[in-house]
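Asker:
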Amino acid sequence: MKVFYDTDTTAENGRSAKPTLSDEAAKIRVTPPGVEGPGITPEELFAVGYASCFEHSLKMVSGHKEYPLNSIEVRAEGNVIEKAEGGYVLDIDLHLEFSGLTREQADDVIQTAHTLCPYSNAICGNVDLRVYTKLNS
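Everything in the sequence shown is counted per our numbering, starting at 13 for the first residue and increasing by one.
Structure below.
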């Protein structure tokens with residue numbers, strides 16, 4: 013298997029971390045959900061990463077298939093659900109808004125993008141995922 017991209021990050025102090033990236037490209041403050049003040053939760057980081065990665069996958073697939081994609085917006089909503097037997101799981105809604113595609117083209121692009129996106133592959137079978145699609149002319 014060929015490594016396409018690799019990154020390294022270090023976090024200390026759990027959900028109150030100030031993680032550092034190996035290339036120091038960005039510095040962020042991580043906070044637990046519900047805590048006032050500056051910072052981003054790990055769940056928000058996941059949602060940002062998934063939305064960004066999936067949007068890129070959708071654009072790649074549309075271009076490869078030569079579909080007339082004018083614009084796309086991806087919004088990820090994430091929830092942390094407490095399981096009855098203990099522990100927690102993620103629950104995600106992806107809201108996709110396309111301009112320029114037919115329903116059939118959008119469905120084709122979405123299905124193919126899920127096979128490419130590392131986030132989709134990582135959560136497949138582990139996370140409840142719902143996808144909502146809106147088409148604009």
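We treat Cβ as the ideally placed atom computed from N, Cα and C, and that holds for glycine.
Nothing here was measured: the structure is a model prediction, and the numbers come from that model.
Taking its Cβ as the centre, do 16 or more other Cβ atoms sit within 10 Å of Cys65, making it buried, or is it exposed?
Answerer: In the sequence shown, residue 65 corresponds to position 53, counting from 1. Looking at its Cβ environment, which holds 16 or more other Cβ atoms inside 10 Å, Cys65 is buried.
Asker: Among residues of its own chain, excluding the 5 on either side of Asp105, which ones have a beta-carbon nearer than 6 Å to its beta-carbon?
Answerer: Residue numbering aside, residue 105 sits at position 93 when the sequence shown is read from its first letter. Answer for Asp105: Glu89 and Arg142, listed in chain order.
Asker: In its own chain, which residues sit with a C-beta less than 6 Å from the C-beta of Asp103, not counting the 5 before and 5 after it?
Answerer: For this step, residue 103 is matched to residue 91 along the sequence shown. Cβ neighbours of Asp103 beyond the five flanking positions: Asn91, Ile93 and Asp140.
Asker: Applying the criterion that 16 or more other CB atoms from any shown protein chain within 10 Å of the CB defines a buried residue, is Val47 buried or exposed?
Answerer: Counted from its first residue, the sequence shown places residue 47 at position 35. Exposed is the call here.
Asker: Look at the alpha carbon of Ile122 and the alpha carbon of Lys14, and state the distance between them as a whole number of angstroms.
Answerer: Residue 122 sits at position 110 when you count from the first residue of the sequence shown. Residue 14 sits at position 2 when you count from the first residue of the sequence shown. So the alpha carbons of these two residues sit roughly 25 Å apart.
Asker: Around the C-beta of Val101, are 16 or more other C-beta atoms found within 10 angstroms, so that it is buried, or is it exposed?
Answerer: Residue mapping note: residue 101 aligns to position 89 of the sequence shown, counting from 1. So Val101 ends up on the exposed side.
Asker: Taking 8 Å as the cut-off, does the stretch 68-83 touch the stretch 128-138 (at least 3 CB pairs, one atom from each stretch)?
Answerer: Because the criterion of three Cβ pairs below 8 Å is met, the stretch 128-138 and the stretch 68-83 touch.
Asker: Which same chain residues end up closer than 6 Å to Tyr79 when comparing Cβ atoms and leaving out the 5 residues on each side of it in sequence?
Answerer: As a first step, residue 79 must be located in the sequence shown, where it is residue number 67. Leu113 and Gln117, listed in sequence order.
Asker: Could you tell me the alpha carbon to alpha carbon distance between Pro45 and Ala134, rounded to whole angstroms?
Answerer: Your numbering for residue 45 matches position 33 in the sequence shown. Your numbering for residue 134 matches position 122 in the sequence shown. Using only the alpha carbons, I get a separation of about 23 Å.
Asker: Could you compute how far the alpha carbon of Glu56 sits from the alpha carbon of His107?
Answerer: By 1-based counting over the sequence shown, the position of residue 56 is 44. By 1-based counting over the sequence shown, the position of residue 107 is 95. Near 15 Å, if we compare the C-alpha coordinates of His107 and Glu56.
Asker: So what's Asp103 in DSSP terms, helix, strand or just coil?
Answerer: Locating residue 103 in the sequence shown gives position 91, where the first residue counts as 1. It is a strand residue.
Asker: Can you check which of these residues, Asp18, Asn138, Leu81 and Val42, is closest to Lys95 by C-alpha distance?
Answerer: Mapped onto the sequence shown, residue 95 falls at position 83. Nearest of Asp18, Asn138, Leu81 and Val42 to Lys95, Cα basis: Asn138.
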